[in-house]
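Step one of this worksheet: look at the structure below.
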Amino acid sequence: MADVRLSIAGRAYDVHCADGQEDRLRQLAAVIDEKARSIQGGTEVRQLLFAALMLADETQEARGKVEQAAPQTDSLRAAVALAESRETAAKDELKAAQLREKEALAEARAAAEREAAALAELEKLRQGAPVVPAPPSSRHDRALIEIADWIEALATKVEQIP
4 MADVRLSIAG RAYDVHCADG QEDRLRQLAA VIDEKARSIQ GGTEVRQLLF
54 AALMLADETQ EARGKVEQAA PQTDSLRAAV ALAESRETAA KDELKAAQLR
104 EKEALAEARA AAEREAAALA ELEKLRQGAP VVPAPPSSRH DRALIEIADW
154 IEALATKVEQ IP
């Protein structure tokens, strides 16, 4: 336990407090002293009584403000939780969109490669070289085979034109 000497309304008081609480106790005594000195006239006891009443009034007002702020704090917490939830959903949606974009790009690259191969085959056909069709490898294989057949038929007709 620590001993602290406080001066309130011109009078010294010796007070015991927990170790480490001396500065806090001095600060509180300074607040009480300020209130007591602001009251003119009367005895020391009367000054301390009014100082205590004024401090109690300020404390009650502060508690009322805290109680009024509590519902606002709750609604702010709810708004923050909702915003965080929406942010998480948006991040998940963005990741899914990025994955879909990667898949679409991969499909587009594969289609471009198939187109390049088909154009190379067409060029070989124009030059009269025999073309060995590549084995089908995509989900659109039947359509590609039909297109290749049409191209081959057209190439044959083009060759027959004088």
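So the sequence shown is numbered by the numbering used here: it starts at 4 and just counts up by one. Glycine included, C-beta positions come from ideal geometry on N, C-alpha and C.
Self-check item: Alpha-carbon spacing of Gln163 relative to Glu116, whole angstroms
Solution: 30 Å
Quiz item: Smallest Cα separation from Asp22: which of Glu64, Asp152 and Val7?
Solution: It is Val7 whose Cα lies nearest to the Cα of Asp22.
Self-check item: Ile42 (DSSP reduced to helix, strand or coil)
Solution: coil
Quiz item: Roughly how many angstroms lie between the CA atoms of Ala121 and Glu104, to the nearest whole one?
Solution: 25 Å
Practice problem: Figure out for me which residue from Ile154, Ala86, Ala12 and Asp17 has the closest Cα to the Cα of Gly44. | Solution: Ala12
Quiz item: What residues are listed by DSSP as bridge partners for Arg14?
Solution: Residue pairing by DSSP places Arg14 opposite Ile11 in a beta bridge.
Exercise. Please report the Cβ distance between Leu51 and Arg29, rounded to the nearest whole angstrom; I am assuming they are in contact, meaning their Cβ atoms lie under 8 Å.
Key: Going by Cβ atoms, the distance from Leu51 to Arg29 rounds to 17 Å, so no, they are not a contact pair.
Practice problem: Going by DSSP, name the residue or residues bridged to Asp26. | Solution: Paired residues: none, contrary to the question.
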